[in-house]
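Read the structure below first, then the notes.
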Amino acid sequence: MVPVSLLQVTPKETVDVKNDPKIKEHVTKSEGIVLEDGIALTTYPEDSKPLGLEWGAAAPEVRGPVVCSRYHDGLSKHNAIGAHSGPYCVYHALAVASNQLDPHHVADYTNSQPAFSIPEQKAWYNNKDIVAMDPMGHLTPFLFDETAKSENVEIRPSISVTKASLQLFELKDAVTNNRLQVDGKIVLNQNGDVAVSKVAVEPVWYLPGVAERFGVSEDKLRKALFQDTNGMYPELITRPDIKVFLPPVGGLTVYIFGDPAYVSDPTKRVALRVHDECNGSDVFGSDICTCRPYLTFGIEEAVKEAQNGGSGVVIYFRKEGRALGEVTKYLVYNARKRGGDTADEYFHRTECIAGVRDMRFQQLMPDILKWLGITKIDRMLSMSNMKHDAIVEQGIPILERVPIPDELIPADSRVEIDAKINAGYFTTGKVMNQEELKAVQGRTWTDVV
Ligand SMILES: [Zn+2]
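Counting in the numbering used here, the sequence shown runs from 6 upward without gaps.
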């Protein structure tokens, strides 16, 4: 192991990239741009030999591991752009910068293997069905342990699989009020504790497949990712031979109720909620939207499906505020509350600030369903037309759609839900026209302050 003291990198002086003869020489020779202290700003195909990675291949030795680290021999052998851990890669860098982490630390994965098995699916082995996660991400360090040693590269998992039990007020309430029965296996006790199997997934994008999902060329996608992140990932441009990108965005968590093997069994019923993060409501109970009530309703219904002999799946995506982020979200809240918070203006307020009403791009969402082996959804616990259409377009039929019950909708969130229903969200109730939406008014600040 390299002592931490040897790993401290102190640039000798600021490098004038434009005029530095050394750099000019490198650029001319196409050897990549390398700073004096040996940090390569980017690499070029001529200089490196990425480890083989054939997305969609079935045999592990043909498919190969995702290698996305410059450490050890990774600079010349990496076959993916970006960094592991989504947005947390920056904290990893802070730990290295502050000498709290040896960047060459070799992880010991003893006993960290999946807590239950995920049945292999045909969808893992083609390059169309799954393009936004690594189907072998939970097995990578175990499958490719020898490769990591022989090639002297870091090979990290992008999926982990575990078990837990949940304690939620709403589930306790469901038991107390006889909406859920204690069975000792799924609902464990009168407190409403529920057993769950969980899968955490970090995004791993196969760029040709992602581009195809959006109907754009790979070249256009690469340029947009490079330019719109202000040049964070030069290899999107310099390394067209590297087809995999680990973006700095949040991943997802799967919560499975009942026997995980039932999820991919076509003879068993599946109830599904796909939920996008809304911290203000999900965790803190803000009543401006229906997120937490719909999430807990989804969990309760998923538990019921499992207790009836099927399985229930809730998938939680880290796409806060329609993937616009919480800062934008609160700005929109302010604009709504100051501008007259009516349902007819609901989407317009978001568009004024963000330019679009939604950036969640559900096109990539069905990958996780295919990875789990879900071939049909008996009960879809969501009203979103975007989620519905994305799933059906990927060839997974939805047999029943279940809207949030009216009694669970907080008064102040009528603005949101009625606007969404008008815009195409599924409902078994009334669809208001534009004129009627003007009368749906949210609470003003003066009502609460
Ligand atoms: Zn919300």
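Just so you know, even glycine gets a beta-carbon here, dropped at the ideal spot from N, CA and C.
It should be emphasised that the depicted structure is a prediction, and the values quoted were computed from it without experimental measurement.
Excluding its 5 nearest sequence neighbours in each direction, Ile191 has C-beta neighbours in its own chain below 7 Å: Val199, Ala200, Phe262, Gly263, Val308, Ala311 and Gln312, listed in chain order. Note that the region 66 to 83 touches the region 153 to 164; at least 3 beta-carbon pairs, one per stretch, sit closer than 8 Å. In this chain, the beta strand (DSSP E) harbouring Phe250 covers Val249 to Leu251. A Cβ-Cβ distance of about 10 Å is found for the pair Leu185 and Glu306, leaving them out of contact under the 8 Å criterion.
Its chain contains Met391, Lys392 and Ala395 as the residues whose beta carbon lies nearer than 7 Å to that of Gln367, once the 5 sequence neighbours on both sides are disregarded; these appear in chain order. Look at Ala205 here: in three-state DSSP terms it is strand.
For Leu241 and Pro253, the gap between their C-alpha atoms comes out near 14 Å. Cβ-Cβ distances below 7 Å link Ser202 to Phe121, Lys168, Ile261 and Pro265 in the same chain, with the five nearest sequence neighbours on each side left out; the list follows chain order.
Set against 6 Å, the gap from the CB of Ser389 to the closest heavy atom of ligand 1 is not smaller. Annotation note: the region 204 to 269 contains the following uninterrupted alpha helix (DSSP H) runs of length 4 or greater, listed N- to C-terminal: 212 to 219, 223 to 233 and 240 to 243.
Out of Leu99, Pro124, Asn131 and Ala153, the CA that lies nearest to the CA of Ala112 is found in Ala153.
For Ala85, DSSP records a beta bridge to Val249.
When beta bridges are read from the DSSP output, Arg384 appears opposite Ala276. In the three-state scheme derived from DSSP, where H, G and I count as helix and E and B as strand, Val95 is classed as helix. In the structure shown, Ala416 adopts helical secondary structure according to DSSP, grouped into three states. By the Cβ rule, the region 313 to 329 does not count as touching the region 400 to 419, because fewer than three pairs are nearer than 8 Å. In this structure, Ile422 sits away from Thr243, with a CB-CB distance that is not shorter than 7 Å. Excluding the 5 residues flanking it on each side, Ser74 has same chain C-beta neighbours closer than 8 Å at His83, Ala88, His89, Val158, Glu159 and Arg161, in chain order. Within the chosen limit of 6 Å, ligand 1 does not reach the beta carbon of Cys73 with any heavy atom. If you look at Lys168, you'll find it in the beta strand (DSSP E) that goes Ile164 to Leu171. Residue pairing by DSSP puts Asp281 in a beta bridge opposite Phe322. Using a cutoff of 6 Å, the CB of Cys294 counts as near ligand 1, since one of the ligand's heavy atoms is closer than that.
Assignment of Ile403 by DSSP, reduced to helix, strand and coil, places it in the strand class.
Contact check for Leu56 and Gly43: beta-carbon distance about 22 Å, past the 8 Å limit, so the pair fails to qualify.
Beta bridge pairing from DSSP links Thr347 with Gln446. Taking 6 Å as the cut-off, the C-beta of Cys283 counts as close to a heavy atom of ligand 1. Between Ser163 and Asp139, the C-beta gap is smaller than 7 Å, which places the two residues in contact.
The Cβ atoms of Val332 and Thr355 lie no closer than 7 Å to each other. Ser170 has its Cβ no nearer than 6 Å to any heavy atom of ligand 1. Ligand 1 approaches Ser286 closely enough that one of its heavy atoms is under 6 Å from the residue's Cβ.
In the structure shown, the three-state DSSP call for Val288 is coil. When C-alpha distances from Leu251 are compared across Gly142, Thr301 and Lys334, the shortest belongs to Gly142.
In the assembly as shown, Asn427 is a buried residue. Its beta-carbon has 16 or more other beta-carbons within 10 Å.
Short of 7 Å from the beta carbon of Asn131, and not among the five residues preceding or following it, lie these beta carbons of its own chain, in chain order: Gly61. The three-state reading of DSSP puts Gly303 in helix, counting H, G and I together. Contact between the region 223 to 236 and the region 345 to 359 is not established, with fewer than three Cβ pairs separated by less than 8 Å.
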